[in-house]
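The letter at position 266 of the sequence shown is residue 266 when you use UniProt numbering, and the numbering goes up by one with no holes. Glycine residues also receive a C-beta, built at the ideal position from the N, C-alpha and C atoms. None of the values given here were measured: they were computed from a predicted structure.
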Amino acid sequence: MIKMIASDMDGTLLNSVQQISEENKQAILKAQAQGVEFVVATGRSYQEATYVLGEAGLKCPIICVNGAEIRSKEGEILSATPIAKEMAREVAAKLNELDIYFEVYTDKAACTVDGDKAVSTLVDIILSANPEADRDEIMYAAGARLRDGLVKVVEDYETLFADESVQIYKMLVFSFDASKLAAAGKSLAEFSEIAVSASGDENLEVTNKQAQKGIALESLARLKGIDISETMAIGDNYNDVSMFERAGRSVAMGNANYEIQALCDVITDTNNDHGVATAILEVL
1 MIKMIASDMD
11 GTLLNSVQQI
21 SEENKQAILK
31 AQAQGVEFVV
41 ATGRSYQEAT
51 YVLGEAGLKC
61 PIICVNGAEI
71 RSKEGEILSA
81 TPIAKEMARE
91 VAAKLNELDI
101 YFEVYTDKAA
111 CTVDGDKAVS
121 TLVDIILSAN
131 PEADRDEIMY
141 AAGARLRDGL
151 VKVVEDYETL
161 FADESVQIYK
171 MLVFSFDASK
181 LAAAGKSLAE
191 FSEIAVSASG
201 DENLEVTNKQ
211 AQKGIALESL
221 ARLKGIDISE
231 TMAIGDNYND
241 VSMFERAGRS
251 VAMGNANYEI
261 QALCDVITDT
271 NNDHGVATAI
281 LEVL
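Take a look at the structure:
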């Protein structure tokens with residue numbers, strides 16, 4: 001029996017315009033009403049994740065920033081696994097040498113040194129995955145990251161690394177140049193203390209080696225008195241693999257690539273066809 005359901009957000013719970021459909025919302029509410037714990041497991045910061053959940057009128061525990069932080073339904077921090085500051089500096093230096101854009105996610109906010117780049121990069125990523133989407137609509141939605149304070153513009157990332165009150169959770173690397181992204185991945189592989197995954201063909205996600213969605217899911221299930229075999233994980237990309245490897249039931253989205261689908265027990269509908277709702281209703 002499934003007692004906990006963990007769902008990725010982008011490309012999974014969210015459709016192409018970055019919203020939770022009514023079908024997905026109702027399936028989540030039905031699961032919660034039946035005593036099944038629904039958990040969001042995302043690469044997003046807590047602030048960005050709760051922003052989208054709030055728009056849909058939903059509340060649930062959240063595994064944030066690929067597992068670097070676990071929050072209760074009420075927002076209490078249950079665990080935090082940051083990147084050591086000196087390691088963050090070394091990663092940043094490598095990325096700067098390669099002249100590749102990246103954002104730094106902290107316990108306070110997602111941060112960028114280039115606000116325009118933060119918006120345009122997100123727009124390009126969404127449109128590459130959803131070419132039929134309206135660019136103006138996507139541009140407006142992406143701009144909300146800055147307008148609503150979900151992404152903070154800083155002059156220099158060193159201000160974050162030097163601030164003892166700030167914890168570094170993730171470095172999110174973007175490039176549409178496959179060779180540049182591959183070079184970054186190869187360079188970062190030299191560091192044994194970090195994990196490098198991806199949530200799309202155009203990015204790399206750098207976290208503490210222990211900050212992975214699957215490890216966090218196992219930890220949260222233990223806190224709730226739930227065996228990991230009684231969990232279901234739903235996702236669409238490589239940063240979801242650690243969940244697929246541990247969960248009792250693994251579900252790939254219909255829009256996931258073949259490699260991801262091949263790893264899972266079940267393939268559900270696409271994110272635009274409410275695949276999360278389909279997967280939830282199948283196990284209720």
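- Item | Exposed unless 16 or more other CB atoms sit within 10 angstroms - verdict on ASP240 | Looking up residue 240 in the sequence shown gives position 240. Counting Cβ neighbours within 10 Å, ASP240 comes out buried, since at least 16 surround it.
Put SER16 into one of helix, strand or coil per three-state DSSP. Residue 16 sits at position 16 when you count from the first residue of the sequence shown. Looking at SER16 - three-state DSSP - the assignment turns out to be coil, as it is neither helix nor strand.
_For the ligand ATP, I want to know if VAL113 counts as a neighbour, meaning its beta carbon is within less than 7 Å of at least one of the ligand's heavy atoms._
The ligand ATP is not among the ligands present in this structure, which contains no ligands whatsoever.
Got a sec, what are the start and stop residues for the alpha helix (DSSP H) GLY214 sits in?
Position 214 of the sequence shown holds residue 214. Residues 213 to 223.
Query - Span of the alpha helix (DSSP H) around GLY67 - result: Position 67 of the sequence shown holds residue 67. No alpha helix (DSSP H) holds GLY67; DSSP gives it neither H nor E.
Return helix, strand or coil for ASN96, following the three-state DSSP convention.
Indexing the sequence shown from 1 puts residue 96 at position 96. It is helical.
Next on the checklist: At the level of alpha carbons, what is the spacing between VAL166 and GLY11?
Outcome noted: Residue numbering aside, residue 166 sits at position 166 when the sequence shown is read from its first letter. Residue numbering aside, residue 11 sits at position 11 when the sequence shown is read from its first letter. Approximately 29 Å between the Cα atoms of the pair.
- Environment of GLY67 [buried if 16+ CB atoms lie within 10 Å]: Taking the sequence shown and counting its residues from 1, one reaches residue 67 at position 67. It is buried - the Cβ of GLY67 has at least 16 other Cβ atoms within 10 Å.
Pick helix, strand or coil for GLU164, following the three-state DSSP scheme.
Numbered from its first residue, the sequence shown carries residue 164 at position 164. Coil.
Among VAL65, SER79, PRO61 and ALA80, whose alpha-carbon lies nearest the alpha-carbon of SER72?
For this step, residue 72 is matched to residue 72 along the sequence shown. Answer by Cα proximity: PRO61.
**Prompt:** Would a C-beta distance cut-off of 8 Å place ARG89 and PHE38 closer than the cut-off?
**Reply:** For the purposes of this step, residue 89 is taken as the residue at position 89 of the sequence shown. For the purposes of this step, residue 38 is taken as the residue at position 38 of the sequence shown. No; because the gap between Cβ atoms is not below 8 Å, this pair is not in contact.
Does the beta-carbon distance from GLU48 to ALA110 come in below 8 Å? Residue 48 sits at position 48 when you count from the first residue of the sequence shown. Residue 110 sits at position 110 when you count from the first residue of the sequence shown. Cβ distance < 8 Å, so GLU48 and ALA110 count as in contact.
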